[in-house]
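Notes follow the structure.
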Amino acid sequence: MANDQARVYQGDNPVIRYFEDLSAIPRSSGHEQAASDFVARFARARGYEAVQDETFNLIIRKPASPGYEAVPPVIVQGHLDMVGEKKEGVVHDFLRDPIALRVDGEFLTADGTTLGGDNGLAVAFAMALLDAKDAAHPALEILLTTEEETSMKGARKLDVGLLKGRTMINLDSDREGILYVSSAGGVRAYHTAPIVWEDASGAGTPCRVRISGLVGGHSGDDIVHERANACQLLGRVLDGLRKQLPYEIAKVDGGMQSNAIPREAEALLYLAEADRAAAEALVQDWDAVFQAEFALVDPGVRVELASGWPDGAEGTSGGKRKFSEASKRAAVDSLLLVPSGVIRMDKAIPGLPRTSTNVGIVATKEDGVRFESLARSSLRSELDSVVSRMEALAAALGCGFAASDYYPGWPYRIESKLREVFEEVYLREYGQPMEVKAVHAGIECGILADRIPDLDAVSYGPDLYDIHTPDERFRISSVERTWHFLLQVLREIKS
């Protein structure tokens, strides 16, 4: 920031001040170089070694403070990238525009977009540690990875031989007072319903069916709440329409990220003018059905039938084209049948999903309608089973299928000195026991623990809400407390 007058946050907490600086730099997954360069310059300006690899992972070394020279190094880890989601009608280019921050009461949030607290807060904590002159700590290895929100490519490509530490604090969690010590593994699945394009002359009047107003959320943390998935709801509406009247499809789209529950989806249709009134009545019926079904978890859900298409939409489907009848059937059937939601709950840990899938993106391409899902499970056998079922479904519908970017789960470690330190410091600072839990979301701890022998790791962070949605926000006081808590933990690591 050029000066304090330009800042949204007027406090003196270094973490939030550095987070605000970082928010000026676009850093969607796959586009983290500028953010990586920014933090590397920050570290080198303070005399620290900063190593960047070809994927723009960043390792920064800060020597031990006096009295801690004999203690083994501690890795402090997070990721540089963020999920880019925005509210309908918001003009924002995640590859070029800074995040517009604002203070809303006790929270810091963004103006119509995701905030990037996941995981920009970890980067800001790391910068604050690098700048802290009086902190007591062992030697630190700051590890900031890339593409965590998409393929976890950074953690998978990292040369772990560059790291000397075997104790790691991951700062990619979102609840103060909860220490995460285990997470699910996952894989991305791609289902493609092939399109044969036909001439749409005489097909009818352009209109669109739109699903909107959903809460969405993180497909790992929030899928247990059974919120509606806009892509699935669109499939139900299109299936209901085809049973009552004819229509043609030119495009179906929904969602923006495979690890975010879709909040919006729409289909561009051709509909005979004579059927317009009947279609409007059917859509109104579905609107009432969904409002009743999701009254408690998605009270803002809406289904609408609108005339015309958005500006430029005709060009995106090639102009005056429609799906063939077989292509329409495959697309609608896929919207109905590609699984999304909790598949099995964990029997040992109440309230924790064991296996789930999330259809996060549906996009019409030239050769087909592409579904991108993220499947998760704490059991590799169940994850493999889900992928096999998805592949069998694709074959039965005459669709293509592929799976990639598998990442391992993070198993619970029975003996953990680091976990004990966190629990002891928390009890002393807060006067109550810390919760120790597993999480269904994927965390890089799984990949790194799989690749670094005998890694003792935990994951912690301040209160962060509605991750992967434009309502994302963090509690300012929680960040301030977590910064103090982290300093106390590092002070207590003496072996």
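Numbering of the sequence shown is given in UniProt numbering, commencing with residue 1 and proceeding in unit increments.
Cβ atoms here follow ideal geometry from the backbone N, Cα and C, with glycine treated the same way.
The beta carbon of Ile452 lies closer than 6 angstroms to those of Val160 in the same chain, with the five residues before and after it left out. Where Asn170 is concerned, the enclosing beta strand (DSSP E) starts and stops at 167-170. By a beta-carbon distance limit of 8 angstroms, Ile169 contacts Val74. Their separation comes to about 7 angstroms. Secondary-structure assignment with DSSP links Gly217 through a beta bridge to Ile261. Counting of Cβ neighbours within 10 angstroms places Leu455 among the buried residues, the total reaching 16 or more.
Closest by C-alpha distance to Val425, out of Leu352, Val489, Cys399, is Val489. Proximity of the segment 111-124 to the segment 365-376 falls short of the contact definition, fewer than three beta-carbon pairs being nearer than 8 angstroms. Annotated three-state conformation of Trp197 is strand, per DSSP. Taking one beta carbon from each stretch, the segment 297-314 and the segment 203-217 have 3 or more pairs nearer than 8 angstroms; the two touch. Of the residues Cys231, Val215, Leu352, the one whose Cα lies closest to the Cα of Leu296 is Val215.
At the C-beta level, Leu282 and Gln244 come within 7 angstroms of one another.
By the beta-carbon neighbour count (other beta carbons within 10 angstroms, threshold 16), Arg44 is exposed.
With a cutoff of 7 angstroms on beta-carbon distance, Asp174 and Gly409 are scored as not near each other. Counted as a single uninterrupted DSSP element, the stretch harbouring Tyr18 is not any beta strand (DSSP E) but the alpha helix (DSSP H) occupying residues 14-22. Cβ contact annotation for Leu397 (same chain, cutoff 8 angstroms, sequence separation greater than five): Ala193, Ala330, Asp333, Ser334, Leu337, in chain order.
Cβ atoms of His468 and Val83 come within 8 angstroms of each other, at about 5 angstroms.
Taking the Cα of Asn358 as reference, the smallest distance to any Cα among Ser327, Ile25, Gly446, Ser219 is reached at Ser219. With a 10 Å radius around the Cβ and a threshold of 16 neighbouring Cβ atoms, Ala395 comes out exposed.
When Cβ pairs closer than 8 angstroms are counted between the two stretches, the segment 40-58 is seen to touch the segment 142-161, the count reaching three or more. Its chain contains Leu282, Trp286 as the residues whose beta carbon lies nearer than 7 angstroms to that of Gly240, once the 5 sequence neighbours on both sides are disregarded; these appear in chain order. The C-beta separation of Ser151 from Asp405 comes to about 4 angstroms, placing the pair in contact by the 8 angstroms criterion. Counting the other CB atoms within 10 Å of its CB gives Ala70 a total below 16, which places it among the exposed residues. In the structure shown, the three-state DSSP call for Glu248 is strand. The beta-bridge partner set that DSSP reports for His79 consists of Thr145. In the displayed model, Phe38 falls within a helix according to three-state DSSP. When rounded, the separation of the alpha-carbon atoms in Glu472 and Glu88 is 15 angstroms. With fewer than 16 other CB atoms across the displayed protein chains lying within 10 angstroms of its CB, Arg41 is exposed. Taking 4 residues as the shortest admissible run, the segment 78-156 contains the following complete alpha helix (DSSP H) segments, listed from N- to C-terminal end: 117-131. Listed in chain order, the non-local C-beta contacts of Ser65 below 6 angstroms within the same chain comprise Ala136, His137, local neighbours out to five positions each way being set aside.
Ranked by Cα distance from Asp222, the options Ser477, Gly341, Val237 are led by Gly341. Taking all protein chains shown into account, His440 has 16 or more neighbouring C-beta atoms within 10 Å of its C-beta and is therefore buried. In the DSSP assignment, Glu280 falls outside any beta strand (DSSP E) and lies within the alpha helix (DSSP H) extending over 276-293. Beta-bridge analysis with DSSP links Pro353 to Met345. By the neighbour-count criterion, in which 16 or more other beta carbons inside 10 Å mark a residue as buried, Leu162 falls on the exposed side. Cβ contact annotation for Ala50 (same chain, cutoff 6 angstroms, sequence separation greater than five): Ala40, Ala43, Arg44, Ile60, in chain order.
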